[in-house]
Structure formats: structure tokens, C-alpha cells
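Below is one structure, written out as C-alpha cells; comments come after it.
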Amino acid sequence: MAAGTEGDTIAPELRRRVRALLAAYDPATIPLREFLRARFDAGLAWVHFPEGLGGLGVPRALQAAVDAELAAAKAPDNDPRRIGIGLGMAAPTILRFGTEEQQQRFLRPLWTGEEVWCQLFSEPGAGSDLAGLRTRAVRDGDTWVVDGQKVWTSSAHTARWAILIARTDPDVPKHRGITYFVCDMTAPGVEVRPLRQATGEAEFNEVFLTGVRIPDAHRLGEVGDGWRVAQATLMNERVAIGGTALPREGGMIEKAAATWRSRPELRTPELHGRLLALWVEAEVTRLTAERARQQLAAGAPGPEGSGLKLAFARLNQRISGFELELLGEDGLRYGDWTMVRPELVDFYGRDAGYRYLRAKGNSIEGGTSEILRNIVAERVLGLPAEPRTDKDVAWKDLPR
Amino acid sequence: MAAGTEGDTIAPELRRRVRALLAAYDPATIPLREFLRARFDAGLAWVHFPEGLGGLGVPRALQAAVDAELAAAKAPDNDPRRIGIGLGMAAPTILRFGTEEQQQRFLRPLWTGEEVWCQLFSEPGAGSDLAGLRTRAVRDGDTWVVDGQKVWTSSAHTARWAILIARTDPDVPKHRGITYFVCDMTAPGVEVRPLRQATGEAEFNEVFLTGVRIPDAHRLGEVGDGWRVAQATLMNERVAIGGTALPREGGMIEKAAATWRSRPELRTPELHGRLLALWVEAEVTRLTAERARQQLAAGAPGPEGSGLKLAFARLNQRISGFELELLGEDGLRYGDWTMVRPELVDFYGRDAGYRYLRAKGNSIEGGTSEILRNIVAERVLGLPAEPRTDKDVAWKDLPR
Amino acid sequence: MNLLYSEVEDDLRAAVRDVLADRCTPADVLGRIETDRPYDAGLWRVLGADLGLAGLLVPEKLGGQGGTEREAAVVLEELGGAVAPVPFLGSAVLAVSALLGCDTADAGVAGLLGRLASGEATGTLAVPLSAAPGAAFPAAVRADAAGRLTGTVSSVADARTADVLVVPALGPDGPGLYEVAAGAARLTPVVSLDLTRPLADLTLDGAPGRLLPPAAGGSAGAALERALLRGAGLLASEQVGVAQWCLDETVRYLKERRQFGRVVGSFQALKHRLADLWLEVVSARAAARAAADALAAETSGADALVTETAEASGVTGAKEARIAVAVAASYASPVAVHAAEEALQLHGGIGMTWEHPVHLFLKRAKADEIALGTPGTHRAALAGLVDLPA
Amino acid sequence: MNLLYSEVEDDLRAAVRDVLADRCTPADVLGRIETDRPYDAGLWRVLGADLGLAGLLVPEKLGGQGGTEREAAVVLEELGGAVAPVPFLGSAVLAVSALLGCDTADAGVAGLLGRLASGEATGTLAVPLSAAPGAAFPAAVRADAAGRLTGTVSSVADARTADVLVVPALGPDGPGLYEVAAGAARLTPVVSLDLTRPLADLTLDGAPGRLLPPAAGGSAGAALERALLRGAGLLASEQVGVAQWCLDETVRYLKERRQFGRVVGSFQALKHRLADLWLEVVSARAAARAAADALAAETSGADALVTETAEASGVTGAKEARIAVAVAASYASPVAVHAAEEALQLHGGIGMTWEHPVHLFLKRAKADEIALGTPGTHRAALAGLVDLPA
């Protein structure tokens with residue numbers, strides 16, 4: 001079936017539902033949240049979710065047509081860039097591992113944007129080796145008491161809830177002693193501090209957890225099964241990257257091409273050759289992402305997705321580095337070093353210097369390029385894993 | 001002291017000896033070998049070797065002036081390219097590990113070129129992991145009986161002697177059960193077969209050893225100490241690479257630059273940018289080699305040497321690849337695929353296609369670039385070795 | 001834009017692969033390269049005539065299979081992955097595409113297409129293999145009023161096995177494409193870098209030729225450009241096939257080869273290089289698919305142009321195809337070379353030997369980099385197409 | 001050509017390094033960058049005046065140390081390795097080198113050199129930091145017959161801490177270099193990519209200047225070119241210093257950091273990348289040494305030219321120096337950027353934070369890539385010098 005590819009048409013039943021929603025809730029007059037709640041209740045939020053949880057249990061590929069139809073009617077959306085962690089990571093995990101109570105409680109305000117989510121995974125000593133994390137959760141009757149430090153938390157300062165992994169059993173090997181929780185970011189003992197980056201901005205946070213109490217009812221999955229749950233979350237994160245179709249010459253290359261066209265005095269034959277090579281690389285990466293999307297839509301996902309994050313990171317870094325060189329004297333100047341706390345991430349925004357510096361994070365955040373190469377080599381090419389010494393040792397006995 | 005650098009002058013005693021040699025043996029009339037034997041006996045072969053073994057026990061850096069003075073007098077040389085393995089690998093090993101009898105027997109005809117040497121180290125199953133070699137040497141009274149197969153042996157078809165490593169004890173870990181021998185290439189059971197390369201030529205050989213008898217008197221170093229002896233040999237091999245000073249624009253870049261100058265119709269702005277970048281890389285590599293030579297001459301060898309083989313391999317490969325692209329239609333044509341057995345290796349000779357293919361070997365022969373990167377990382381940067389599983393296991397029990 | 005493989009395309013691939021697995025192993029190819037028959041005529045009979053690949057791009061009404069460039073691309077992936085010594089590129093892509101740019105209502109054009117499609121004759125386009133789309137019409141051969149051709153064309157692919165040559169020549173009325181019997185030309189074999197697609201120099205000395213009339217509203221230049229654009233765009237798929245073989249074979253070898261008591265493929269530095277290479281191959285595949293799809297769309301758009309005069313869409317399709325070809329050709333070339341170079345390096349010494357097939361793929365990859373326009377030539381063409389002027 | 005470090009140079013390095021270890025740790029630099037005193041005046045007093053670096057290149061008879069470009073290069077390696085916020089480049093290299101291209105017998109020139117050498121005053125050359133050798137004489141500032149200067153010069157390095165500006169301007173008799181008191185110019189700080197070498201825009205609005213007479217047989221253009229060539233060539237040594245810090249710090253960190261139960265520096269993929277980076281740094285060092293040596297040779301050759309009229313050797317020296325500078329500048333720039341980028345990446349998240357100094361080195365490396373000519377500019381200059389025409 002060709003759903004999701006160009007020339008797609010909306011299924012009649014979905015169209016009927018969209019029209020009914022628009023008829024009952026005129027986007028021109030109804031307040032934003034009210035419209036979004038109604039859309040959720042109509043099963044038009046994420047159509048592949050079950051009925052009653054914002055969906056209709058139909059293929060995910062049908063969503064695009066619903067979105068297009070609603071956008072054409074000027075209906076408001078839930079500003080997905082602002083709530084990306086909730087949509088991309090928390091929601092699928094709650095759907096797969098959550099209890100019915102958890103699903104009913106969390107998914108609707110998550111989708112409407114009334115409750116922002118963040119992710120408490122990485123720690124200063126546990127980056128690529130996430131399973132080595134030290135944050136402890138100790139059971140105390142029906143609640144867990146959590147102590148530790150998390151880092152690289154975007155949206156922590158706006159978030160109502162967090163997905164959290166913590167060590168609940170230090171006496172077993174590291175992958176087996178982790179449990180997955182939903183953490184209330186307004187709970188006592190949660191302290192959020194901005195973490196400033198090389199760009200000058202503080203897009204991320206450090207989160208200090210001191211005696212934070214989490215009810216056992218907010219546990220996702222079994223005790224000790226948190227690593228498996230987290231893997232599912234991370235898989236969703238990486239699938240999400242490159243998940244949005246770019247137009248030709250979209251993304252980082254758009255800026256460099258615009259500079260080239262508008263400033264002929266900067267052109268040299270050498271820079272021309274490099275720009276064309278980067279333009280080609282950008283176009284090919286776009287086509288690779290498009291091919292992965294078509295495979296997904298055709299119900300035959302290929303392994304290409306694993307490589308796309310790698311490709312986009314390298315591309316963004318190379319193009320933004322080129323752009324500064326192209327700009328010459330202007331490349332020596334920066335927009336603003338003031339520490340601000342942006343609510344949205346924008347890789348392509350601001351000035352060329354910002355783009356250059358921000359892009360450096362693309363190969364670190366959400367899985368370093370080194371880890372992704374391991375994943376491709378082992379899971380796609382089937383090459384053997386490195387010899388491991390930390391798999392069968394109790395976490396507490398690992399060398400530090 | 002500035003010996004060995006430009007502007008150097010020959011020491012008076014050496015000059016006296018050179019003049020005496022030339023007076024006694026007129027290069028214009030004396031046969032080649034006779035002159036070379038006399039030069040050896042005068043201690044002017046390799047002045048840093050001991051007296052009686054072709055040298056005078058003076059610093060190596062003084063050799064260049066001797067060579068220059070003799071060349072100026074049109075004295076014949078020993079054609080070092082033809083006997084490189086003997087000069088670069090066998091001789092320093094014999095000097096360091098050989099008995100006096102061995103030194104007296106082997107060094108003079110080695111240096112004069114009367115006896116060509118080759119190297120029997122690599123095996124089909126032991127390339128980078130040379131210490132994993134399978135060729136066995138079993139003691140039988142005063143001789144050793146050798147069986148096995150060696151590969152990548154240049155000069156085997158012209159050689160009188162070989163340096164050989166073989167396993168004498170399979171019951172100890174692999175590095176400890178190896179012994180180092182001098183093997184008579186004319187002995188019964190030595191079979192040399194040409195090994196054809198991607199270039200069409202057969203520059204190397206396979207050598208099959210079947211019941212070859214080697215007298216114990218031709219052992220170099222202790223029984224079981226062959227790995228240490230071989231390491232010294234290989235160190236000399238790698239030091240030798242980049243050991244000859246290149247002029248600016250010498251080596252592979254010379255060919256590409258000549259093509260560029262003589263064929264303006266091939267030029268494009270894109271190729272121009274790439275040629276200039278390669279020219280810079282060639283010049284910088286030349287300067288790096290020159291700096292290493294100056295350090296050596298100043299008695300303070302730096303670690304640069306370890307990287308030079310890596311650098312020249314990459315450079316030769318990139319330039320020769322560029323040259324084919326530059327040539328366009330002519331790059332589609334090859335000189336000659338006929339299998340010939342050249343006596344000399346010439347990386348820069350023949351046509352561009354040959355250079356391209358031959359350069360591929362530069363990152364494999366004499367230590368792969370991968371092994372060299374390990375060496376740089378561990379010995380120069382001090383990074384830890386990989387976890388090893390094959391160090392403390394008897395060779396015979398290793399997984400295969 | 002459809003970047004996937006259709007079921008028909010998958011079936012076609014399976015059929016080609018079966019034949020190649022049977023008759024065109026690396027050992028078969030290695031055994032042939034130094035003989036006086038570098039091309040495998042028997043293999044080409046099976047592929048070209050029996051499977052119908054010789055006429056894949058020829059419309060059914062002209063005796064062919066009526067396939068599209070998308071399918072030809074799949075065939076080239078497989079042929080590239082076997083460095084198969086058959087004249088598919090010269091005959092079924094270059095010669096046929098040039099002829100399809102001529103007046104197919106002309107009996108001569110139709111007849112020649114029919115003979116090529118049936119496998120009765122094999123052809124090639126008489127241009128140097130290095131010829132790139134967008135270049136000026138070649139002036140190396142002149143035709144007189146009687147249609148006699150004189151001149152030389154060097155480094156022609158698939159000429160050694162061709163019966164018919166399609167020769168661009170400057171005639172009394174300007175550029176023209178001429179049909180010339182191969183026997184009427186003097187052919188000098190070239191010692192070629194690519195042992196599996198050997199070249200030849202052609203000398204024409206008053207050779208009798210027959211002018212092939214251009215399509216209505218077209219020209220000999222447009223027909224030649226049509227062929228070169230298709231050649232360059234589809235060669236990207238051949239390069240994907242070459243690169244994929246190199247990657248697969250290297251991964252396979254490194255899973256077997258042990259050094260230092262470990263499978264060599266478990267060393268992280270090699271794993272990371274292979275992961276990067278995999279990403280390159282995956283990306284080249286997407287680019288090659290896009291080029292094949294755009295060429296197929298242009299072909300059907302051009303048909304539409306003739307039958308429906310839908311001019312605007314035709315023009316857009318042409319530009320899209322030129323962009324897609326420039327992107328694919330400039331990207332896939334270095335990927336194939338890189339894959340072959342990594343394959344040789346990671347095989348170590350054995351990869352450097354004549355007896356191991358990796359050198360055949362390296363030579364094909366390097367020759368393909370020059371064939372039908374170097375990456376730099378294609379990128380330079382892009383400058384005008386996407387408004388990034390020098 | 002001597003590519004090694006002499007004992008004198010080693011001693012000089014040790015002295016500079018001692019001061020920097022004491023007063024210019026990464027924490028010191030990080031603490032200063034967002035204050036209104038981005039330059040460390042106290043540090044510069046010690047380095048410039050007490051150690052004599054301000055007058056390193058000034059001949060002894062003019063009150064300086066009589067050092068050569070070889071020594072200045074060693075200083076810049078150390079300053080680069082500390083991203084030290086001092087105006088050595090602007091004052092002791094660019095301004096001094098321009099003045100040494102003027103008539104040093106002139107009392108004004110000699111006096112200014114003496115003040116700069118003693119550290120009594122700090123200067124800079126009023127050109128954009130991106131100015132490259134070989135460019136046309138700048139026309140941004142005009143001088144009238146009374147020596148009043150009007151115009152703007154953007155992105156000037158080390159201007160914020162300068163007392164004196166050496167300003168290239170077009171006067172009534174053509175190009176000239178003018179001495180202008182910094183207080184006579186309007187200075188607008190620029191938000192700079194490189195936080196440790198902040199730039200400023202200068203506006204001159206009839207500012208009083210004093211024409212600096214060119215050397216006998218020389219010109220203002222030649223004096224400016226002399227300064228830019230030395231700046232570009234010696235910047236390669238600063239880049240070596242930046243790259244070496246990045247490599248050393250990364251190796252150190254990776255020997256400590258553990259993940260997956262192993263020291264991260266034991267992972268082969270990282271080891272191979274660091275080995276490649278080490279080779280780049282080693283190579284950049286050789287290239288930078290060659291440039292410094294060639295510049296020193298040219299300086300002494302030019303002296304010889306004046307005193308002995310040994311014209312031929314002087315001319316050869318100049319060309320050698322230009323080649324060596326183009327090679328070093330085009331090679332060392334990307335090495336420093338690569339080293340800083342690898343340092344950031346291999347530090348992982350912590351390398352991306354403001355609190356870790358690696359971003360300071362990245363910003364310096366990237367700004368240095370643009371400073372005094374991009375790699376592409378220097379390579380283009382080489383085309384003419386080594387007969388590889390476009």
C-alpha cells in the first residue's frame with residue numbers, strides 16, 4: 001500500500017471524523033487547548049494509538065493526511081517542537097509499558113501540551129555507557145526515594161513530568177539493576193540548574209535529585225527491567241531524527257546557499273567546489289532519509305534509519321564550518337554570547353557562528369556518533385561486539 | 001653537533017681514508033666488486049659499523065659526506081635499492097644479534113651486493129599478527145628442520161640468504177616460542193613461486209619450505225627469543241621508510257604536477273583546488289620527514305618516524321588516485337598487464353594506472369596502516385592496549 | 001518520487017542474479033580477462049536475448065521489453081556486483097537511448113532498435129567512455145554527402161563485441177548520428193585499466209554510414225545528450241552494485257579472518273570504518289534510485305510531450321532528471337572507489353593479489369569514476385542547474 | 001633549513017610556559033572572557049615587558065631583543081596552547097613587522113619601535129584580522145595632506161588594548177602607513193567568535209596621524225605585506241600550539257575516563273583517530289617551523305641585501321618565505337580546527353559546556369582559520385609561486 005507517499009489520499013472514515021471535529025469545534029473561535037482536547041478525544045491525535053488514547057488503531061502512515069486536512073482548515077496544532085520529548089519518547093514508552101491508569105493519566109495532557117515532559121537518563125559519569133548510571137532509587141513501602149544527578153536535560157525547567165531511570169539493585173550486573181519511573185518535576189528535592197553550552201545558551205539543564213519520593217504507581221515496567229524499557233525509548237528517539245521530510249536544499253545547506261547567492265564578492269573557485277560537494281551531500285542525505293520514510297510507509301523499515309543521525313550530524317557540522325570560512329571577516333563575529341534559556345532547539349537558527357557551535361552537539365546528544373557506528377556495525381553488518389568485561393559483574397564491583 | 005645537516009663538511013680523517021681508497025683503487029679501472037670490497041675493508045661501507053665489519057665506529061651521520069665524496073669521484077656504489085632488505089633489515093640485525101663468525105661471514109658480501117638477502121616473515125595466516133606464525137622449525141641434533149609457507153617475499157628469486165622466523169615451541173605463548181634463523185635460499189626444500197599483484201607484475205613471491213635443514217650455527221639470537229630479534233628488524237625497516245631526503249615536489253606529486261603543467265586542456269577549477277591541496281600535503285610530509293632526519297642527525301630521534309610510513313602511504317594513494325581522474329580518458333588506459341618480475345621496486349615509475357594500483361600496497365606492506373596507528377596510539381600517545389586474549393595462552397591452544 | 005524497488009524490479013533482480021551466480025562468478029571473470037575474448041558472449045546471449053535485457057529500454061511496439069530506466073538501473077546494480085563482462089551499458093543503454101532519441105517512425109531506426117532488442121545484433125555508441133553529458137557535439141568524425149565517415153574515436157566501451165556502431169559525426173548538414181557496421185571500422189584494442197570493460201580505438205576511413213533521422217523537434221545533439229545522461233545516471237547504479245559487493249565481501253571476510261586470537265571484524269577501528277562505508281553505500285543507493293526514477297519520469301514525460309504536448313511538465317522533468325543524474329553520478333563514483341579501496345586494504349595482502357577478485361572491482365570503480373563524466377564535471381553541471389554560480 | 005628548536009628557543013619556551021602556568025590557566029581565561037577586560041594587562045606586562053616579548057623581533061640597537069621569527073613562533077606556540085589573552089600578535093608581530101618595513105633610521109619609526117619594544121606602549125596594525133598577504137593595499141582609510149585620517153577599519157585584533165595604531169591609508173601621495181594614537185580613533189567592540197582575541201571596529205574621523213616613511217627602496221605596500229606575511233606564517237605556530245593542547249588534553253582525559261568498564265582511550269576507533277590527529281599535529285609543526293625558519297632567513301637576507309647588496313639571495317629568500325608561509329598557513333589551519341573539533345567530540349557532553357575550556361580552543365582555531373588568509377587563499381597564492389596555474 002502506498003499510504004504515506006505522495007499522492008496519498010485520506011481514508012473516507014478519517015475524513016468524516018476530521019470534518020465532524022471541525023464542525024463541532026470551529027478552530028477560529030474555540031480556545032487552543034479545548035480544540036486539542038477534542039481532537040484527542042476524537043482519536044485524531046495520533047491515529048495509530050488505540051481508541052480512547054487519542055487514536056483509532058489505524059496505520060501510522062494515515063496521520064499525515066489528517067494533519068494536512070486540519071492544517072488546511074487552519075486548526076491549531078500542539079506545537080510538536082516544544083513537546084518533542086513527550087511525543088517522541090515518553091508517549092510510546094507509556095503506551096507500550098504503562099498501566100491503563102498511567103496511560104489514562106498521562107497521554108492526553110502530554111499530547112495537548114498542557115504537561116511538558118523531559119528525560120532524566122544521562123549522568124556525568126554515564127553518557128555513552130548509560131547503563132553504568134549511579135542515581136539510586138531505594139524502596140520505602142509504596143514509594144521510592146531517589147538520589148542522584150542527571151545532566152543534559154532539555155526542557156527540565158518547563159517540564160511537569162520526567163521519564164527517569166535509576167539503579168534499584170547494585171548487586172546485579174549493571175543492565176539488570178535499573179528501573180524506569182515517571183518523576184514529578186514539581187516534587188520536593190528536584191532541583192533544576194541551567195547548563196550553559198559553548199554557544200552561550202543554556203538549552204539544557206542539570207537536575208539534582210535529593211530524597212525525591214516517587215510513588216510505586218509511577219513505575220513503568222517491572223522492577224529491574226528499566227534497561228529494556230529505556231532501550232525502547234531511545235529507539236524511538238533515534239527513529240524520530242530525520243523523521244521529518246526536508247525539502248531539497250532545506251536545513252543547514254539552505255543558509256550556506258543563500259549566503260553564496262546573496263554575496264558574490266565572497267566567491268572563489270575553491271569555495272565553489274566545496275559548496276557544490278556539500279550541496280550534493282545534503283541532497284543525497286535528504287534522499288536517504290526520504291527512502292527510509294518510504295520504506296517505513298511501505299511497512300518494510302530498512303536499517304537506513306540507524307545511519308541517518310550520523311549523516312545529519314556530519315553534514316550539519318561540515319556545512320556550518322564551511323559557512324564560517326565562506327563568510328570570511330563576518331565569520332569572525334558572533335551574534336550574542338548572552339546566556340539565554342531558549343524554549344525551542346533550533347539547529348539552523350541565529351547566526352553562522354551559532355550554527356557552527358550548536359552543530360557540534362549533533363554528534364553527541366541522543367547517542368554519540370561513536371555509539372551509533374557501533375550499533376550499525378553490530379546490528380546492521382553483524383560484526384562481533386568488542387570483548388566486554390562489564391557484562392557479568394555486579395554493578396557495585398565494576399572498576400571506576 | 002650539526003653533522004648530517006646541510007653545510008656539513010667531512011671529517012679530516014675520513015677524507016684521508018676516502019682519498020687513500022681512491023688512490024689505491026681507481027674507480028675508472030678497477031672492477032665494481034673489487035672496488036666495493038676494498039671500500040668495505042677500508043671501513044667506508046657504513047662508517048657507524050665497527051672496524052673490521054665495514055665501518056670505523058664513528059657516528060652514522062658522517063656517512064653522507066663519505067658517500068658524497070665518493071660519488072663526486074665517480075666511484076661505483078652497491079646499488080642500495082637492489083639490496084635494500086640486506087642493508088636495511090638483515091645487516092643491523094646480524095650486527096646486533098649475530099655471533100662474530102656470522103658477522104664475518106655475512107656482512108661483507110651483503111654490503112657489496114654479491115649476496116642478495118630476502119625476508120621470510122609473513123605467512124598467509126600471519127600478517128598483522130606476525131607472532132601467530134605457523135612455520136615450524138624442529139631441532140635435529142645440530143640442525144633445524146623447517147616446514148611451512150611464507151608470503152610477500154620480495155627478492156626471493158634473486159636472494160642467496162633469507163632472514164627467517166619460525167616456531168620452535170608451540171607449547172608456550174605465541175611470542176615466546178619463535179626463533180630467528182638465517183636460511184640458505186639454495187638449500188634443498190626451498191621453493192620460490194612468483195606472487196602476482198593487482199598491477200600485473202610479480203614483484204613478490206611465495207616461498208614454500210619443505211624439510212629445509214638449517215645448521216644451528218645459522219641461528220640469530222637465543223632459541224625462543226626470535227620475536228625480540230624480529231622486532232628489532234622491523235623497527236629498522238620502518239625507520240628506513242622516509243629515510244631518503246626527497247626534493248620539494250619529489251615523489252608521487254612530481255608526476256601529477258608534470259601532467260598539470262604539460263596538459264593545460266585537462267585543467268578545471270575543481271581539479272586545481274585539489275592539486276594544490278595535495279601539493280601542500282606532499283610538501284608538508286616532506287618537511288615532516290626532513291625534521292625527523294634532522295632530529296636523528298642531532299642525536300635526538302623523535303617519534304615522527306613512526307608516522308611517516310602512514311603519511312607517505314596515504315599521500316601516494318591520494319595523489320595517484322587524483323592523477324587518474326585528472327587524466328580523464330587517458331586514465332582509462334593502462335600500460336601493460338603482462339606479468340613481469342621486476343628486480344627493483346619503483347612506486348613512482350611506469351604509467352599513472354600502475355602508480356595508482358601499486359600505491360595500494362603502501363599501506364599493507366611492511367606493517368599495515370592499521371597496525372601503525374595502534375603503535376602510534378600506544379607507544380607515542382601512551383593509550384592503553386586493547387584487551388588481549390592471546391598473550392598468555394600456549395600458541396597451540398589459540399582459537400583458529 | 002519512488003525510491004523503493006517494485007515487485008517487478010525485485011523479480012528482475014532475482015532473475016539476473018540467478019544467471020550471474022551460475023555463469024559469472026569472480027573465478028569465471030578472472031579466468032577470462034587475459035584471454036582474447038574478454039567479453040562473455042554466452043552470458044550475454046542468456047542475459048540479453050533470453051532474459052530480454054538487450055531490449056529492456058526498447059518499447060514493446062519496437063520489439064523490446066518496454067521497461068524503464070528504473071529497471072535498467074536494477075540490472076546494472078547486479079552486473080556491477082559481478083563485474084560482468086557483457087555489453088549492457090554500451091548496447092542496451094547508450095546505443096538504445098541514442099536511438100530512442102531519433103525518429104522511431106523511421107524504418108531504419110526502428111529496424112536497428114528491433115535488431116538490438118532481440119539480441120540479433122549488439123551495438124555501442126561511438127564516443128570515448130569518458131564523454132560526459134553537456135559537452136559539445138564531438139567533431140572527431142566527419143561525414144560526407146554520401147554518408148561516408150572519416151575520423152577516429154578513442155577509448156570506446158563495448159566496441160570489441162559490437163556488430164553496429166552509432167557514430168556521432170559532423171555531416172554536410174551539421175551534427176548527425178550514423179549507423180555504421182562494426183566491420184567497416186578499424187578497431188584497435190586498448191590495454192584498459194578496467195579489465196572487465198575493455199576499450200577499443202575506432203578508426204573510420206570513409207566507412208559507409210546511414211544517417212539516423214532525429215526525432216520530430218529533436219536533433220542529433222539532443223539524442224546524444226539523451227544517451228549520455230542516461231548512461232551517467234544509470235552508471236550510478238552500477239557503482240552501487242560494485243560498492244555493495246565490496247562491502248559485503250569485506251564484512252564476510254572480516255567475520256572469518258582471525259588475528260591476535262580475535263575475529264578481525266571485532267576490532268572497533270575497522271567496525272567504525274565499515275559503518276561509515278555502509279552509510280555511504282546506503283546513501284549512494286538512494287541517490288541512484290532517485291536518478292533512475294527521474295530519468296524514467298522524464299522518458300514518460302517526454303512521451304507525454306509528444307502525445308499530449310504537455311510542454312511544461314516535460315521541461316520540468318528534464319531539469320529534474322539532470323539534477324538527479326548530476327547528484328547521483330557525482331556522489332556514487334567516489335563511494336564505489338572508496339568501497340573498493342577499503343575492500344583491498346581490509347583484505348590485507350590477499351586483496352593485493354591478482355588471484356583475488358577485489359582488484360577487478362577496484363579497476364571497475366576507478367574507471368567508472370572517469371566514465372561518462374568525472375564527479376567534478378557533474379558537480380560543475382549542477383552549478384547552473386541549482387543556481388549556485390561560480 | 002633548520003626545523004628543530006635551538007637551545008635558546010627551548011629556554012624561551014620554558015620561560016613563557018612558566019609564566020602561563022602561573023597566571024594563565026584555562027580557569028583564569030574562562031573567568032575573564034565575559035568581563036569588560038578580556039585582555040589580561042598584568043599578564044602582558046610580565047610577558048611583554050619583563051620577559052621582553054613585546055620587543056622580541058625588534059633589533060637590539062632599536063631597543064628590542066633582536067630575536068628572529070623562529071623565536072616568535074615558539075612564543076606563539078605557547079600562547080596558542082594557553083589561548084592567552086595578550087596582544088602579542090597585534091603588537092609584537094603585526095605592528096612591529098610593519099614598522100621594521102619602514103625606514104628605521106627615521107626618528108619617528110625608531111621611537112615608536114622603542115616604545116613598543118619596551119612595553120611602554122602596545123600597538124596593533126589597523127587591518128581586519130581576516131586580511132591576507134598578497135591583497136591590494138586597503139582603500140578603507142584616506143589621509144589628507146595634513147595627515148588627518150578618515151575611514152573605518154572593521155574587525156581589528158588587539159585594538160581594544162592598543163595605545164598606538166599603525167594604519168594603512170591612501171594619502172595624497174599614494175599608500176602610506178600612519179601612526180595614530182588609539183585615543184584618536186573611535187573604537188567599537190565587536191562580539192567576536194574568538195572570546196580570547198576579541199576584535200573591534202575602528203572609526204577614524206579626521207584623526208591626526210603621522211606618516212611613517214618606508215624603508216629605502218621599499219614602500220608602504222611592501223611594509224604592510226611584510227607584516228601580513230609574518231602574521232600568517234607565525235600564526236601557523238599559534239595553531240600548532242592550539243592543536244597540541246587539544247591533542248594532549250584529549251589523550252589525558254581519555255586515559256582517565258571510563259565507560260563500559262574500560263578506559264575510553266583503549267577503544268581502538270578512538271586510538272586510530274588520535275594517531276591520525278597526532279600525525280597531523282606533527283606535520284603541522286614541521287610546516288610551521290619551516291615557515292618561521294624561512295621568514296627568519298628572509299629577514300636576515302633582507303638585511304644582507306641592504307648591507308651587502310646580495311640581491312639574488314634576497315629575492316630567492318623572499319620567494320622561499322612566501323612558499324613556506326602559504327604551505328604552513330594552509331596546512332596548519334584545518335589541523336587546529338580538526339584537533340579542536342576532535343577534542344570537543346571525544347570529551348563528549350562535558351566538552352560542549354561553557355565551563356570546560358575546550359570551546360575556547362575551538363573558537364580560537366576557527367577564527368585563526370579565517371585570520372590572515374583562509375587556507376584556500378593561501379593555496380591560491382601558491383599556484384603562482386610554484387607554477388601550477390589555474
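Chains as they are written, first to last, in the UniProt record's numbering: chain A, 1 to 400; chain B, 1 to 400; chain C, 1 to 390; chain D, 1 to 390. C-beta: ideal position from N, C-alpha, C; glycine also. In this text the structure is predicted, and so the values were computed from the model without any measurement.
Nearest-angstrom Cα separation, counted from residue j out to residue i
i                      : j        : result
B/Val138               : C/Ser283 : 55 Å
A/Leu372               : B/Arg81  : 47 Å
A/Leu276               : A/Asp346 : 25 Å
D/Leu193               : D/Val127 : 17 Å
A/Glu206               : D/Leu165 : 46 Å
D/Ala297               : D/Ala328 : 16 Å
residue 395 of chain D : A/Asp392 : Only positions 1 to 390 of chain D appear in this structure, which leaves residue 395 of chain D out of reach.
C/Val230               : C/Leu53  : Inspection of the sequence shows that residue 230 of chain C is occupied by Arg rather than by Val. When rounded, the distance between both Cα atoms is 16 Å.
D/Ala294               : D/Ala286 : 12 Å
D/Ala107               : D/Thr203 : 27 Å
B/Leu398               : C/Ile33  : 40 Å
A/Leu296               : A/Glu323 : 34 Å
Cβ neighbours of residue i in the same chain (closer than 6 Å, five flanking residues each side left out)
i        : result
C/Asp163 : Ala121, Thr122 and Ala182
C/Pro59  : Gly66
A/Met1   : In this prediction, A/Met1 has a pLDDT of 32, which is less than 50 and means its spatial position is unreliable; nothing more can be read from the coordinates.
C/Leu113 : Val58, Leu62 and Leu99
C/Ile381 : At residue 381 of chain C the sequence reads Ala, which differs from the Ile that was named. Counting only Cβ-Cβ distances below 6 Å, and skipping sequence neighbours, we find Gly134 and Ala326.
Cβ neighbours of residue i in the same chain (closer than 8 Å, five flanking residues each side left out)
i       : result
A/Lys74 : Pro27 and Ala28
Beta carbon proximity, residue i to chain D, threshold 9 Å
i        : result
C/His338 : no
Same chain, Cβ closer than 7 Å to residue i, neighbours up to 5 away in sequence not counted
i        : result
A/Met339 : Arg196, Gly200, Glu201 and Ala202
A/Val192 : Ala156, His157, Asn205 and Val207
B/Asn316 : Met252, Phe347, Ala359 and Asn362
Test: residue i CB closer than 9 Å to a CB of chain B
i        : result
A/Leu383 : no
D/Ala383 : yes
Interface flag, residue i vs chain A, CB-CB below 9 Å
i        : result
D/Arg252 : no
C/Leu193 : no
C/Leu4   : yes
Contained alpha helix (DSSP H) runs [length at least 4] in the stretch 209 to 291 of chain A, N- to C-terminal order: Entirely contained in the stretch 209 to 291 of chain A, the alpha helix (DSSP H) runs reaching 4 residues are, in chain order, 226 to 240 and 252 to 262.
Evaluate contact between the stretch 333 to 351 of chain C and the stretch 210 to 222 of chain C, counting only Cβ atoms and requiring at least three cross-stretch pairs below 8 Å. no
4-residue-minimum alpha helix (DSSP H) runs that sit fully inside the stretch 89 to 118 of chain D, ordered along the chain: 96 to 100 and 107 to 118
Decide yes or no for the touch test of the stretch 261 to 273 of chain A against the stretch 374 to 385 of chain D: beta carbon pairs closer than 8 Å, at least 3 of them. yes
Let me know the beta strand (DSSP E) ranges lying completely inside the stretch 86 to 151 of chain B, each 3 residues or longer, listed in chain order. 117 to 120, 136 to 140 and 143 to 150
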